[in-house]
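Note sheet for the following structure.
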Amino acid sequence: MIQRTLSIIKPDGVSRNLIGEVIKRIESAGLKIIAMKMIRMNKVQAKGFYQVHEGKPFYESLTDFMSSGPCVVMVLEGDNAIEKYRKLMGATDYRMAEEGTIRREFATDIEKNVVHGSDSPESAHFEIGYFFNQLEIINE
Ligand code: UDP
Ligand code: MG
Numbered sequence: 099m100i101q102r103t104l105s106i107i108k109p110d111g112v113s114r115n116l117i118g119e120v121i122k123r124i125e126s127a128g129l130k131i132i133a134m135k136m137i138r139m140n141k142v143q144a145k146g147f148y149q150v151h152e153g154k155p156f157y158e159s160l161t162d163f164m165s166s167g168p169c170v171v172m173v174l175e176g177d178n179a180i181e182k183y184r185k186l187m188g189a190t191d192y193r194m195a196e197e198g199t200i201r202r203e204f205a206t207d208i209e210k211n212v213v214h215g216s217d218s219p220e221s222a223h224f225e226i227g228y229f230f231n232q233l234e235i236i237n238e
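Under our numbering, the first residue of the sequence shown carries the number 99, and numbering increases by one thereafter.
See the structure below:
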């Protein structure tokens, strides 16, 4: 099934020059980038993006981190894109992530784990709409 998912290269990934590395893995996996931009979220915008985690112990620190520098946000499209990209990323906690995944190879911390990917069709719909309007997404 063709799906869309939202990918973010987080501020740690951008500042450590991992943009190309992440994009190479996305393209090699056969996922198409159908929208992309670099943005810098403020605290309020980061809190809105991560509103599902409001109240959790890591919410304040996470939203400080996500608003600490630029991110690259992308819409990816392809067969089973949501799960496929989650597999490329690896587990949230890089110490638990499988060998060869982005987080296992590059994350430095449970929070600073380089990438975000939507976890369901519902969250993908919300997250894509949070950053992109229809004119910014390639439909062909
Ligand atoms: N996070 C954290 N501590 C935790 C769990 C999560 O700092 O105990 C951060 C981490 O950056 C993670 C993000 O919060 O990527 C969102 O958490 P989620 O459980 O949605 O993980 P993900 O979907 O990114 O794998
Ligand atoms: Mg998540």
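Note that the Cβ used here is the ideal one computed from N, Cα and C, for glycine as well.
*Determine the direct distance from the alpha carbon of GLU225 to that of ILE235, and round the result to whole angstroms.*
Here residue 235 refers to the residue found at position 137 of the sequence shown. Here residue 225 refers to the residue found at position 127 of the sequence shown. Note on geometry: alpha-carbon atoms of ILE235 and GLU225 lie some 13 Å from one another.
*According to the Cβ coordinates, are ARG102 and VAL213 closer than 7 Å?*
The residue you call residue 102 lines up with position 4 of the sequence shown. The residue you call residue 213 lines up with position 115 of the sequence shown. Not closer than 7 Å, so no.
*Any idea what DSSP makes of VAL212, helix, strand or coil?*
Taking the sequence shown and counting its residues from 1, the one referred to as residue 212 is at position 114. Reduced to three states, the DSSP call for VAL212 is coil.
*Grouping DSSP H, G and I as helix and E and B as strand, with all else coil, what is ARG123?*
On the sequence shown, position 25 is the one that residue 123 refers to. ARG123 falls in the helix class under three-state DSSP.
_Tell me whether ASP207, by its Cβ, gets closer than 6 Å to a heavy atom of the ligand MG._
The residue labelled residue 207 in the question sits at position 109 within the sequence shown. Remark: the shortest separation between the CB of ASP207 and any heavy atom of the ligand MG does not fall under 6 Å.
*asked:* Applying the 10 Å Cβ sphere with the 16-neighbour rule, what's the burial state of PRO109?
replied: Taking the sequence shown and counting its residues from 1, the one referred to as residue 109 is at position 11. By the neighbour-count rule (16 or more Cβ atoms within 10 Å), PRO109 is buried.
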